[in-house]
Structure formats: structure tokens, C-alpha cells
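Enquirer: Quick one: this structure, given as C-alpha cells, is what I'll be asking you about.
Number of protein chains: 2
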Amino acid sequence: MLKNKMTELLKIENPIIQAPMAGGITTSKLVAEVSNAGGLGMIGAGYMTPTQMQEQIKEIKQLTSKPFGVNLFVPNKFAYTENEIHSANELLQPIRNQLHINEENNLNIPTCDQVIETFNEQIKVVIDEKVPVCSFTFGIPSESVMVDLKQNNIFVMGTAATVEEAFIIEKSGMDMVVVQGSEAGGHRGNFISPSQDSLIGLMSLIPQVVDHVSIPVIAAGGIMDGRGLMASLCLGAMGVQMGTAFLTCIESGAHQIYKEAIMHAKEDQIVLTRAFSGKYARGIKNKFIEEMEKHEDLLPEFPVQNALTQPIRKASSSKQNPDYLSLWSGQSPRLAKNQSVKMLFKTILTEAKNINKKI
Amino acid sequence: MLKNKMTELLKIENPIIQAPMAGGITTSKLVAEVSNAGGLGMIGAGYMTPTQMQEQIKEIKQLTSKPFGVNLFVPNKFAYTENEIHSANELLQPIRNQLHINEENNLNIPTCDQVIETFNEQIKVVIDEKVPVCSFTFGIPSESVMVDLKQNNIFVMGTAATVEEAFIIEKSGMDMVVVQGSEAGGHRGNFISPSQDSLIGLMSLIPQVVDHVSIPVIAAGGIMDGRGLMASLCLGAMGVQMGTAFLTCIESGAHQIYKEAIMHAKEDQIVLTRAFSGKYARGIKNKFIEEMEKHEDLLPEFPVQNALTQPIRKASSSKQNPDYLSLWSGQSPRLAKNQSVKMLFKTILTEAKNINKKI
């Protein structure tokens with residue numbers, strides 16, 4: 001019932017991808033357990049150094065013989081003024097003081113060239129390690145990168161928030177497209193349409209994309225169980241990518257206070273903010289988001305603001321304080337459970353079967 | 360396959376409700392055709408006088424013997440300052456001049472008492488005419504109204520945008536709840552949670568509501584075809600309420616330029632605005648929305664701003680000019696077709712059957 005072109009292309013059993021959440025969530029254990037359960041485990045490597053990436057890939061290969069993937073952030077040009085940094089620092093300094101952070105730690109802002117260099121090295125690791133699947137967020141890599149990946153038989157996926165973006169991803173030669181509904185937690189993946197106008201719910205996004213592209217479409221955003229999987233298939237998707245549902249799993253590397261925050265959140269407490277990174281992302285409203293709310297427009301863009309807030313998030317985490325952490329979550333926190341990956345898969349597949357019988 | 364508790368309770372054949380779009384869209388022909396096709400036709404009576412309502416109800420009874428319904432806006436207290444009216448008028452005057460509107464037409468602002476009086480008369484019509492179904496938007500009517508409706512065996516439905524709102528609707532004694540996803544066109548139905556935080560996509564909203572209430576849940580927002588119907592059922596809804604899909608139907612009373620605008624729109628051109636009525640609503644971005652964008656926070660609340668813009672919308676319509684019309688639409692305009700209600704039902708039911716076989 002759940003076998004289709006997507007499972008065939010990815011050589012997996014079940015049409016379920018574990019979303020490549022960046023920032024230490026996708027432990028080797030999480031990725032391998034997902035792949036071992038017949039899904040596709042993914043490393044959220046956006047913020048990783050090439051060395052960290054390579055080490056984790058080697059580790060995962062010890063834990064599973066099944067396909068898995070890596071997700072990378074496509075570098076985009078960025079710029080900032082001293083003025084922007086100054087006013088952001090002015091807003092952040094009281095929080096840094098409160099958390100006893102030394103100012104010198106705050107200035108680790110990368111240059112565009114550094115970001116591009118890291119990305120190219122990350123691509124080299126993907127190729128060297130023959131990672132079966134590579135997905136991208138925030139755009140489409142250069143033609144030469146695409147050619148390199150294809151020549152090395154790496155399966156390539158893109159992330160789209162609108163029909164036009166999905167169409168461009170298909171045209172770039174990618175093998176599959178993940179469509180990110182407005183329900184999705186974490187960073188918005190839009191790269192052409194502006195963030196605020198590309199918040200399309202999956203009920204609308206999936207069928208409209210499916211009607212306009214011929215590569216398989218994977219649905220992402222708010223999907224937590226067999227109901228979401230079956231609904232996505234009805235709408236024309238070939239599979240789902242689930243983030244929050246895996247984030248609260250036992251094997252995920254998310255901090256326990258982060259998991260707890262999701263499991264206690266309500267759907268209308270999950271908001272969009274660019275306060276943490278300079279790019280819009282969806283997460284649980286906390287003290288940091290509230291304090292920054294009125295100043296969002298003044299903050300520098302990604303990844304500059306991300307670099308400026310990094311020590312704050314780190315200190316908040318080590319102090320077990322959720323107030324200044326980025327608590328990314330999709331819009332279905334009430335469905336989150338702290339369970340094993342194996343149990344999550346078992347429940348999803350049972351639910352899917354029951355729905356199939358009932359409907 | 361599509362028969363369930365919802366169709367049984369409403370005494371209809373197919374779990375499809377035509378959304379009660381206000382403002383002349385729900386002609387008697389549209390409502391009756393939907394009911395005759397086995398769905399539930401609904402009069403969008405929010406802006407109607409009791410007399411207009413009664414006339415239309417009588418007309419519909421001539422056209423169908425099947426159940427149909429009426430939707431009313433629950434009155435909410437509102438207030439405004441002369442200052443607000445003044446600054447709104449300052450923004451609107453250039454547009455009025457351009458459309459050759461006389462200023463004296465603009466000042467038809469109702470009082471709270473008038474709104475409540477109209478509502479009570481509307482309720483009386485519903486009871487006098489024994490309308491089978493009455494649904495509400497913008498809240499819950501008083502206990503005495505609820506008792507009156509129940510004593511007269513009128514089936515009562517509420518509109519919710521969050522789990523909490525659905526829960527409160529159930530507690531109030533309503534028989535069914537329509538959950539409005541962020542995809543939905545027209546006015547946001549939230550009445551407790553703030554508008555901006557209650558934009559929950561149906562993929563998230565349906566299962567979370569279904570887990571928290573025991574009355575049947577109807578899904579609304581971006582649903583246009585058999586794919587959306589089947590997806591909603593998978594997520595646990597018992598039926599769907601569709602607006603935009605019926606709005607572009609031949610039988611709908613929407614202006615031809617409005618229908619055309621939807622059929623040419625893309626999903627990322629549909630935005631939220633409070634510029635037309637003072638309450639957030641989703642529609643196609645046009646000149647009016649663009650011009651008001653920066654001043655939205657200054658505008659008076661519903662229904663004050665609605666009264667101030669009414670002559671503008673009317674003039675724009677009679678001049679065949681979509682620039683100053685409220686072009687409400689859900690997030691799936693690419694799926695809209697100009698077809699008969701009968702054909703729309705036929706397509707939905709065929710698609711639903713095919714999906715059922717395939718999945």
C-alpha cells in the first residue's frame with residue numbers, strides 16, 4: 001500500500017523521511033534508527049564543519065547499511081552594515097549580560113566567501129563518502145555542483161515553499177522536491193517568493209504543486225502520524241518528511257527542555273520569527289521572541305543574526321533555560337510524543353493501515 | 360464510502376458543505392443546486408437584513424426540498440474614536456475621489472445596539488422559517504439564542520480556528536464544528552485566539568481538534584476537489600466546507616471580474632489584510648491592499664472599517680475594476696474552475712472514488 005515511485009527511487013521501505021533538522025538534533029543514532037526502520041534518515045548538516053559531517057557519516061555507516069541522506073544550506077549572498085550590527089548588539093547585550101556571556105564571543109560573523117568555501121567542502125564530503133541522498137534548503141546549488149552530484153549517482157532533492165519554486169527545482173535537474181507547508185517548524189525554505197507570502201498550507205500547496213511538476217513531491221509541515229501520511233498521499237504527495245515528530249523521539253539530540261517545551265505547547269503558541277537567525281523560522285514563542293518582536297525589522301539578515309545570537313542560545317541551553325533557546329516546532333505540538341523511532345514507525349504504519357480500511 | 364455521522368445528522372448525501380460566503384455570492388440558485396447535488400447549500404447572511412434573508416430563504420425553498428443552512432455573524436462589542444475615523448477617511452478619500460464617490464455615502468457606521476438588534480431579528484427569521492441548519496462565525500451566540508434554536512430543532516454549527524475555540528464551541532452545546540485552516544479565504548473566524556497566532560494549517564489543525572472534541576469536525580480552507588476531501592477524511596474530519604471552489608461556479612453571484620481574478624491568481628498572491636473590513640481576511644493582493652498595507656494598524660475595527668470601505672467596493676464593482684474590490688480567496692486559486700455545481704460535485708465524487716481505490 002505504501003510502496004511507490006518515491007520508495008523505489010530512494011530504495012527504502014516506507015515513504016517517510018526524517019527532516020534534516022540542523023543544530024545537533026540529528027544524532028547518528030536518530031538517523032540510523034530511521035533508516036533501519038525503513039525510512040530515510042537525514043543529517044541536518046547546514047551548520048556542520050566538513051570534518052564534523054564526515055565523522056558523522058562514517059559513524060552512521062557503522063550503524064546502518066540502509067540509505068540515508070545529508071541536507072545542506074545553499075549559500076546566498078548576504079551583506080550587513082556596522083549600524084545593523086550595532087543596533088542588534090544593543091538589543092542583545094542585556095540578554096548576554098544576564099546570561100554572563102563575554103562580549104568577545106559574539107563576533108564570529110562569517111564572510112560570504114567563507115560560507116561558499118565551507119559549502120564546497122561539504123559537497124566534496126558528500127561525494128567522497130558516497131552519501132546516497134543529498135537535499136538542499138534555501139535554493140539551488142550551482143550547475144557544476146549539480147553535475148558533480150549526478151555524475152556520482154547521488155540522489156538530489158530540493159525544498160520549495162511555492163509552486164514556482166518547485167517548478168524551478170524540477171527544471172534544475174533535481175530528482176525530487178520537498179514542499180514545505182506553512183505548518184512546518186524551523187526555517188522557511190523559500191528562496192524566490194518572499195517569506196510572508198509563501199506561507200501556504202499543505203492542503204493547498206501539495207495538489208497545486210503536484211499539478212505543475214512531474215518529479216515526486218514529498219510533503220513537509222505539521223505531519224506527525226499515520227493521519228498526516230495518508231492525507232498527504234491523498235493530496236498527491238508520494239511521501240512525507242517529518243521533523244517535530246522525530247525531534248521529540250528518544251534518539252534525537254534535542255535538549256530535554258526543548259522536547260518538554262514542544263510536548264507542552266499549543267498550536268497557537270507556535271509563531272514565526274526572524275529574531276534568532278535573521279531568516280524567518282517557526283518555533284514556540286518564548287521570552288527571546290517576545291523581547292525582539294518589535295525590533296525584528298532592524299535585525300541583520302541570515303547568517304549574521306544567527307552568529308550574533310549563537311552564544312545566547314548556547315548559554316541558555318547549558319543553563320537548562322528555554323527562554324533564550326530557538327524552540328523550532330511545527331504547528332502540531334499536541335501530537336508530539338517522547339518515544340522510540342521504532343515505536344513511532346510502528347504507530348504510523350498501523351494508523352495508515354486502519355485509515356486505509358476505513359476510508 | 361462517504362456516508363458517515365455528519366451526513367446522517369445533516370440528512371445529506373455527500374459530506375460537502377458550501378461555505379456561507381457573504382456579500383451576494385450565495386445566490387438562491389447556488390445554495391439550491393448544492394443541496395440538490397447532495398451537499399449542504401448555505402446562505403452567507405452575515406451582511407443581510409432580516410427581510411432580505413427571509414426572501415432568499417423562501418426562494419430557496421421553491422428551488423429545493425433538501426436541507427440547507429444559514430450563516431450569521433455573532434455580534435461582538437466594538438468601539439471607535441473620532442481620530443480613527445478621521446485617519447481612515449484621510450487614507451480612503453483619495454480613492455473615493457478617484458472613483459467619484461460622494462462623501463456623504465461613507466458614514467453609514469452601525470452602533471453596537473443596531474448590530475445586536477439585527478442579529479436577533481435574523482435569528483427570529485431562522486426560527487420562523489424553520490431553516491434546518493444555522494452556523495455561526497466570530498463566536499458563540501448567547502445561551503438564550505442557543506436554547507431557542509435547539510428548542511426549534513435547528514442544527515447548530517460553530518466556526519473555530521484553534522483547538523481551544525473548537526473545545527469552547529462543543530461546550531456551548533453546538534452540534535458540529537467547522538475548523539478553519541490558515542488556507543481559508545475570507546474573514547478569519549477566530550474569536551478567542553488572536554488572528555495572527557491562529558493561522559493553523561489544516562494538516563495540523565484537523566487532527567489536533569479531532570483529538571480534543573467529540574462532535575463531528577468539518578474541515579475548511581483550501582479544499583477544492585476530491586483530493587482535499589479525502590485528505591480531510593484521513594485527518595479525522597467528517598466532511599469539508601468549500602468556499603472558493605463554489606465561488607467560481609457558474610451559479611455563484613460573484614462578479615465575473617472577481618471569478619476571473621481568482622482563476623488567474625497564484626497561491627503566493629493571496630494575502631491576509633484587515634484593510635477592507637477591520638478584521639483579518641484572506642484575499643488576492645490588489646491595489647487597495649497594497650496602498651493600505653503600511654497603515655493597517657491605524658484602521659478602525661470591524662465592522663467600522665467595513666462600513667467606511669463599502670462605497671469603494673461597490674463603485675469598484677460597478678466600474679468592473681478589481682483594484683478596490685475585496686477579492687477573498689483561499690490559498691488554492693490554481694484549482695479553481697468556472698463550472699456548474701453539478702459538474703463540481705461529479706468531479707469531486709469521481710476523484711474521491713479513484714483515490715480510495717489507489718491508496
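Line by line, the protein sequences are chains A and B.
Going by the numbering used here, the first residue of the first sequence is number 1, and it counts up by one from there.
Going by the numbering used here, the first residue of the second sequence is number 360, and it counts up by one from there.
Beta carbons are placed, not taken as given, at the ideal position from N, Cα and C, and that holds for glycine.
Would you mind telling me which residues of chain A sit closer than 8 Å to Gln567 (chain B), beta carbon to beta carbon, in chain order?
Expert: Glu267, Ser332, Arg334, Leu335, listed in chain order.
Enquirer: Please report the straight-line C-alpha distance between Asn363 (chain B) and Pro374 (chain B), rounded to a whole angstrom.
Expert: For Asn363 (chain B) and Pro374 (chain B), the distance between alpha carbons rounds to 8 Å.
Enquirer: Between Met146 (chain A) and the rest of its own chain, which residues show a CB-CB distance below 6 Å, the 5 nearest in sequence each way excluded?
Expert: Hits under 6 Å: Gly173.
Enquirer: If you measure beta-carbon to beta-carbon, which residues of the segment 173–186 of chain A are closer than 8 Å to chain B?
Expert: Per Cβ criterion, the list reads Gly181, Ser182, Glu183.
Enquirer: Can you name the residues of chain B whose CB is closer than 7 Å to the CB of Gly222 (chain A)?
Expert: Within chain B, the residues near Gly222 (chain A) are Gly560, Met562, Ser563.
Enquirer: Using the three-state DSSP reduction, which class does Lys623 (chain B) fall into: helix, strand or coil?
Expert: The amino acid occupying residue 623 (chain B) in the given sequence is His; Lys does not appear at that position. DSSP places His623 (chain B) in coil when its eight states are reduced to three.
Enquirer: Just how far apart, CA to CA, sit Gln196 (chain A) and Tyr280 (chain A)?
Expert: Taking the straight line joining both Cα atoms gives about 9 Å.
Enquirer: Go ahead and label Glu367 (chain B) buried or exposed: buried means 16 or more other beta carbons lie within 10 angstroms of its beta carbon, across all protein chains shown.
Expert: With fewer than 16 Cβ atoms within 10 Å of its Cβ, Glu367 (chain B) is classed as exposed.
Enquirer: To the nearest whole angstrom, what separates the beta carbons of Ser691 (chain B) and Met583 (chain B), a pair I think is in contact under 8 Å?
Expert: With 8 Å as the limit, Ser691 (chain B) and Met583 (chain B) qualify as a contact, their Cβ atoms being about 5 Å apart.
Enquirer: Per DSSP, what are the beta-bridge partners of Cys385 (chain A) in this structure?
Expert: Here chain A covers residues 1 to 359 and nothing more, so residue 385 (chain A) does not appear.
Enquirer: Within the chosen definition, does the segment 314–326 of chain A reach the segment 225–234 of chain A through at least 3 CB pairs nearer than 8 Å?
Expert: Output reads no: the segment 225–234 of chain A does not touch the segment 314–326 of chain A.
Enquirer: Count the other CB atoms within 10 Å of the CB of Lys425 (chain B); is the residue buried (16 or more) or exposed (fewer)?
Expert: So Lys425 (chain B) counts as buried.
Enquirer: Do Ile168 (chain A) and Leu149 (chain A) have their C-beta atoms within less than 9 Å of each other?
Expert: No, the Cβ-Cβ distance between Ile168 (chain A) and Leu149 (chain A) is not below 9 Å.
Enquirer: Does the distance from the CB of Gly403 (chain B) to the CB of Ile376 (chain B) come in under 9 Å?
Expert: No, the pair does not count as a contact, with Cβ atoms beyond the cut-off.
Enquirer: Pairing CB atoms from the segment 295–304 of chain A with CB atoms from the segment 73–89 of chain A, are three or more of them under 8 Å?
Expert: Flag = yes, the segment 295–304 of chain A and the segment 73–89 of chain A touch.
Enquirer: So, does the CB of Leu162 (chain A) fall closer than 9 Å to a CB anywhere in chain B?
Expert: Looking at the sequence itself, residue 162 (chain A) is Thr, so the reference to Leu does not match. Yes, contact with chain B.
Enquirer: Would you list, in sequence order, the uninterrupted alpha helix (DSSP H) runs of no fewer than 4 residues that lie entirely inside the segment 495–576 of chain B?
Expert: Qualifying alpha helix (DSSP H) stretches, in chain order: 502–510, 522–530, 561–569.
Enquirer: Identify the contact partners of Ala714 (chain B) in chain A, using a Cβ-Cβ distance below 7 Å as the criterion.
Expert: In the sequence as displayed, the identity of residue 714 (chain B) is Ile instead of Ala. In chain order: Cys234.
Enquirer: Does the distance from the C-beta atom of Asn395 (chain B) to that of Leu369 (chain B) stay below 9 Å?
Expert: For Asn395 (chain B) and Leu369 (chain B), no; Cβs fall outside 9 Å.
Enquirer: Only counting the same chain, and skipping five residues up and downstream in sequence, which positions put a Cβ closer than 6 Å to that of Val474 (chain B)?
Expert: Once the five neighbours on either side are set aside, the close Cβ partners of Val474 (chain B) are Pro434.
Enquirer: State the start and end residues of the unbroken alpha helix (DSSP H) segment that holds Thr273 (chain A).
Expert: From DSSP, Thr273 (chain A) is part of no alpha helix (DSSP H) but of the beta strand (DSSP E) over 270–273.
Enquirer: Against chain B, with Cβ distances strictly below 9 Å, would Gly228 (chain A) count as a contact?
Expert: Yes, because at least one Cβ of chain B sits closer than 9 Å to the Cβ of Gly228 (chain A).
Enquirer: Could you confirm whether any beta carbon from chain A is found closer than 9 Å to the beta carbon of Val630 (chain B)?
Expert: For Val630 (chain B), the answer is yes, since a Cβ of chain A falls inside 9 Å of its Cβ.
Enquirer: Which chain B residues are close to Ser198 (chain A), counting only those with a beta carbon under 9 Å from its beta carbon?
Expert: Chain B residues near Ser198 (chain A): Glu626, Asp627.
Enquirer: Determine, using beta-carbon pairs with one atom in the segment 599–610 of chain B and one in the segment 208–227 of chain A, whether at least three such pairs fall under 8 Å.
Expert: Too few Cβ pairs lie closer than 8 Å, so no.
Enquirer: If you draw a straight line from the C-alpha of Lys29 (chain A) to the C-alpha of Phe138 (chain A), how long is it?
Expert: One C-alpha to the other measures close to 26 Å.
Enquirer: Would you tell me roughly how many angstroms separate the C-alpha atoms of Leu361 (chain B) and Ser503 (chain B), rounded to the nearest one?
Expert: Taking the straight line joining both Cα atoms gives about 35 Å.
Enquirer: With a Cβ-Cβ cutoff of 9 Å, do Phe365 (chain B) and Met535 (chain B) count as a contact?
Expert: Just to set this straight, residue 365 (chain B) is Met in the shown sequence, not Phe. Going by C-beta atoms, Met365 (chain B) is nearer than 9 Å to Met535 (chain B).
Enquirer: Under the rule that 16 or more other beta-carbon atoms within 10 Å means buried, what is Asp627 (chain B), buried or exposed?
Expert: Asp627 (chain B) comes out buried.
Enquirer: Could one say the Cβ of Asp148 (chain A) lies closer than 9 Å to chain B's Cβ atoms, at least one of them?
Expert: Cβ-Cβ to chain B under 9 Å: no for Asp148 (chain A).
Enquirer: Which residue wins for smallest C-alpha separation from Arg313 (chain A), given the options A:Val34, A:Leu99, A:His86?
Expert: For the residues A:Val34, A:Leu99, A:His86, the minimum Cα distance to Arg313 (chain A) belongs to A:Leu99.
Enquirer: Would a C-beta distance cut-off of 9 Å place His212 (chain A) and Arg693 (chain B) closer than the cut-off?
Expert: Against a cut-off of 9 Å, the Cβ pair of Arg693 (chain B) and His212 (chain A) comes out as a contact.
Enquirer: Would you check if there are 3 or more beta carbon pairs closer than 8 Å linking the segment 478–495 of chain B to the segment 507–525 of chain B?
Expert: Touching, yes.
Enquirer: Using a Cβ-Cβ cut-off of 9 Å, state whether Ser193 (chain A) counts as contacting chain B.
Expert: Output row for Ser193 (chain A): interface = yes.
Enquirer: I want to verify the contact list: residues of chain B whose CB lies under 7 Å from the CB of Ala231 (chain A), in sequence order.
Expert: Result: Met562, Ala590, Cys593, Leu594.
Enquirer: So, does the CB of Asp570 (chain B) fall closer than 9 Å to a CB anywhere in chain A?
Expert: Interface residue, yes.
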